[in-house]
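Participant: Take a look at the following structure, please.
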Amino acid sequence: MEEKLKYLALMGAGTLLGSISTVALLKLLSRRDAIAKHSSYKATELSNKEFTTGISKKSKDDAQDGTIDLDLLGDEIVSEQLTRNIQFFGLESQRKVTESFVIVIGLGGVGSHAASMLLRSGVGRLLLVDFDQVSLSSLNRHAVATREDVGIPKALCLKKHFSAIFPESQIDARVQLFDASAEEEILSGHPDFVLDCIDNIDTKVALLAACVRRGLKVLSATGAGARADPTRIRVADLRESINDPLSRSVRSRLRKDYGIEGGIPVVFSLEKPKVKLLPFKGSSGEEENPSDYQVVPGFRVRIIPVLGTIPAIFGQVMASYVLTQLSGFHVQTEPVVNMDLDHYRTLHQRLIEHEEIVHGTSMQVQVDVEEVMYIVKELWRGRSARDQSSKDVGRGMWRSVNQLMLVRWDQTKPASMSNLILLNFEEADEHESRTLDDIKESEPEFFNLVTAVLKLAELELGL
């Protein structure tokens, strides 16, 4: 009798589960049919010109005020599709993502992967811009293109595939080259973020300068070609990007032509390029002048070898950065500091000696060399606590600690991980001659900055 009851219970549970699955499937299929019918109807309504650019009248109207009509997360299917993001960010933070408008310019190996993950993460509106077409050789690094897509514009290729992945997102595709004449058309509409995935210097510089001038948040990708080490990819200010010829040229041009010293976050690799541009050979097989074959002036004709995984990772990093920014999810990127163990040992020994001089003992030093490494690199990014917002970052990762030392923030507390700040010698002497109340009253911004950083250390370390 007991076995029979177990059997009936299992049968009942299976029937219930099957019914639920069937209802969900019917809802999904009905929704797909509705979306397909709606898409078909919209396609017939668009003129040939609108189809080419992917911009309907409604999209143009939306571009004027930057709004997105739909409450995407109120939709049952969308909410389930984005459930992992909602669990990660929280509902209201994910809502910020779905209500966002992001522009991606340059849709090759980097841009296509960045745009793809922004879409899959629920960004409600995307403007995709690229003048180029999908080529057979680009399939080794493109996010979604297939052989059937070879020859069609990259922007329209992404729009086609994206509409199948997340049809509720408003996707505009423009087969267009960014330049000064297109600035207003492309950058209007109050975007929440602009992704620069262009590999041409002139166009890249023009876009970054335009974003700075308009006060738009922008993230730029530097050279992803000729590299192979994924562990050396970083996000930092343009001033700190090194080992990258494209970054150097962009920095120089922005400074010279627009007076822009930095303040632009970039994704770059610390790795030196492993290979060089391939020689350009004409139809005869002889080496020829690449500029004679330029279709668009200023654009590179010679080929740079690319390991497809690296631009893909660049794009994923860009998407992660933008999503955390849009959602308000705090992430402190790894600083571009490269000091060896001897540097940290020096700072640790300097702290011990200073404690003995000032307090008569080093017994209250509660950090070892490894913890000093965390304090210097992660909390203070290899710079004085009074120099965190400085535009003069010196030689980027190759910073000197010759004039730096760790001192207590609060003199009444031990020299612990949540009570040490990095200062130069002169700043340290001045700091120890003042009280925290004095600093709080006379320098509230500095006081709040240090307090926030040390509070972060407490949270991260569970202190």
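Whatever position you read off the sequence shown (first residue = 1), add 14 for my numbering. Even for Gly, the Cβ is constructed at its ideal location relative to N, Cα and C. As the structure is a prediction and not an experimental result, all values here were calculated from the model.
#1: Evaluate contact between the stretch 205-212 and the stretch 248-257, counting only Cβ atoms and requiring at least three cross-stretch pairs below 8 Å.
#2: Who pairs with residue 434 in a beta bridge, going by DSSP?
#3: Do residue 379 and residue 358 count as a contact pair if the criterion is CB distance below 9 Å?
#4: Measuring alpha carbon to alpha carbon, tell me which of 402, 367 and 221 ends up nearest residue 460.
#5: Secondary structure at residue 283, three-state DSSP: helix, strand or coil?
#6: Report back the beta-carbon spacing between residue 438 and residue 398 to the nearest angstrom; my notes put them in contact at under 8 Å.
#7: Our contact map puts residue 211 next to residue 128 with C-beta atoms below 8 Å; I'd like the distance itself, whole angstroms only.
#8: Hey, how far is the Cα of residue 116 from the Cα of residue 214?
#9: So what's residue 42 in DSSP terms, helix, strand or just coil?
#10: Along the beta strand (DSSP E) that carries residue 184, what are the first and last residues, could you check?
#11: Excluding sequence positions up to five away, which residues of its chain have a Cβ less than 8 Å from the Cβ of residue 148?
#12: Runs of 3 residues minimum, wholly inside the stretch 78-166: which ones carry the beta strand (DSSP E) assignment?
#13: Enumerate in chain order the residues of its own chain whose CB-to-CB distance from residue 230 is below 7 Å, with the five nearest sequence positions on each side excluded.
#14: Using CA atoms only, rank isn't needed, just tell me which of 219, 279 and 238 is closest to residue 270.
#15: Tell me which same chain residues have a C-beta within less than 6 Å of the C-beta of residue 400, skipping the five on either side of it?
#16: Let me know the alpha helix (DSSP H) ranges lying completely inside the stretch 367-406, each 4 residues or longer, listed in chain order.
#17: If contact is defined by three or more beta carbon pairs under 8 Å, each pair taking one atom from either stretch, is the stretch 441-450 in contact with the stretch 419-432?
#18: Is residue 136 buried or exposed, if buried means 16 or more other CB atoms sit within 10 Å of its CB?
#19: Within 10 Å of its beta-carbon, does residue 475 have 16 or more other beta-carbons around it, so buried, or fewer, so exposed?
#20: Please classify residue 309: does DSSP put it in a helix, a strand, or coil?
#21: Answer yes or no: does any C-beta atom of chain C fall closer than 9 Å to that of residue 337?
#22: What residue range is occupied by the uninterrupted beta strand (DSSP E) comprising residue 250?
#23: Report the CB separation of residue 89 from residue 182 in whole angstroms; it is logged as a contact under 8 Å.
#24: Going by C-alpha distance, which of 288, 243 and 470 is nearest residue 344?
#25: Which one of 321, 278, 272 and 263 has the shortest CA to CA distance from residue 289?
#26: Given that a residue counts as buried once 16 or more other Cβ atoms are within 10 Å of its Cβ, and exposed if not, what is residue 50?
#27: Whole alpha helix (DSSP H) runs in the stretch 194-274 with 4 or more residues, listed along the chain?
#28: Between which two residues does the alpha helix (DSSP H) harbouring residue 332 extend?
#29: Relative to the C-alpha of residue 187, which residue among 224, 427, 452 and 126 is closest?
#30: If we ignore side chains and look at the alpha-carbon of each, how far apart do residue 417 and residue 392 end up?
#31: Would you kindly work out how many angstroms separate the C-alpha atoms of residue 369 and residue 346, rounded to a whole number?
#32: Quick check on the burial criterion: 16 or more other C-beta atoms within 10 angstroms. Buried or exposed for residue 377?
#33: Residue range of the alpha helix (DSSP H) that residue 439 falls in?
#34: Can you give me the Cβ contacts of residue 342 inside the same chain, cut-off strictly under 8 Å, excluding the 5 residues immediately before and after it?
#35: Under a Cβ-count criterion, where at least 16 other Cβ atoms within 10 Å of its own Cβ denotes burial, should residue 72 be classed as buried or exposed?
#36: Could you spell out where the alpha helix (DSSP H) holding residue 344 opens and where it closes?
Facilitator: Put simply:
#1: Not touching, per the Cβ criterion.
#2: Per DSSP, the beta bridge partners of residue 434 are 422.
#3: The answer is no: Cβ separation not under 9 Å.
#4: Of the candidates 402, 367 and 221, the one whose C-alpha sits nearest the C-alpha of residue 460 is 402.
#5: Annotated three-state conformation of residue 283 is strand, per DSSP.
#6: Contact flag correct, Cβ pair sits at about 5 Å.
#7: Going by Cβ atoms, the distance from residue 211 to residue 128 rounds to 6 Å, so yes, they are a contact pair.
#8: Rounded to the nearest whole angstrom, the CA to CA distance from residue 116 to residue 214 is 21 Å.
#9: Model confidence at residue 42 stands at a pLDDT of 48, short of 50, so the residue's coordinates are unreliable and nothing is read from them.
#10: Annotation for residue 184: the continuous beta strand (DSSP E) segment containing it runs 184-188.
#11: For residue 148, same chain residues with a beta-carbon under 8 Å away, outside a window of 5 residues either side, are 156, 159, 163, 164, 165, 166, 167, 168 and 171 in chain order.
#12: Qualifying beta strand (DSSP E) stretches, in chain order: 115-119 and 139-143.
#13: Taken in chain order, the residues that qualify are 201, 205 and 208.
#14: Closest by alpha carbon: 219.
#15: The residues are 441.
#16: The stretch 367-406 contains these whole alpha helix (DSSP H) runs: 383-388.
#17: Cβ pair count under 8 Å is three or more, so yes.
#18: By the neighbour-count rule (16 or more Cβ atoms within 10 Å), residue 136 is buried.
#19: So residue 475 counts as exposed.
#20: Because residue 309 carries a pLDDT of 41, less than 50, the predicted location of this residue cannot be relied on, and the following value inherits that uncertainty. It is coil, neither helix nor strand.
#21: The structure shown contains no chain C, having only a single protein chain.
#22: Unbroken beta strand (DSSP E) run through residue 250: 247-251.
#23: Residue 89 to residue 182, Cβ: 7 Å. Contact.
#24: Answer by Cα proximity: 470.
#25: Residue 289 has its Cα closest to that of 321, out of 321, 278, 272 and 263.
#26: Its pLDDT being 47, under 50, residue 50 is placed unreliably in this model, and the value from its coordinates should be taken loosely. Looking at its Cβ environment, which holds fewer than 16 other Cβ atoms inside 10 Å, residue 50 is exposed.
#27: As summarised for the stretch 194-274, the continuous alpha helix (DSSP H) elements at least 4 residues long and confined to that stretch are 197-201, 215-228 and 259-272, given in chain order.
#28: 323-341 is the extent of the alpha helix (DSSP H) around residue 332.
#29: Distances from the CA of residue 187 to each of 224, 427, 452 and 126 were compared; the closest alpha carbon is that of 126.
#30: Roughly 19 Å separates the two Cα atoms.
#31: One alpha carbon belongs to residue 369, the other to residue 346, and they sit about 30 Å apart.
#32: Of the other Cβ atoms in all chains shown, fewer than 16 fall within 10 Å of the Cβ of residue 377; this residue is therefore exposed.
#33: Taken as a continuous stretch (DSSP letters only), the alpha helix (DSSP H) holding residue 439 covers 439-446.
#34: Cβ within range, chain order: 107 and 110.
#35: In this prediction, residue 72 has a pLDDT of 39, which is less than 50 and means its spatial position is unreliable; what the coordinates show is noted afterwards. Residue 72 is exposed by the Cβ-count criterion.
#36: First-last for residue 344: undefined, no H or E at that position.
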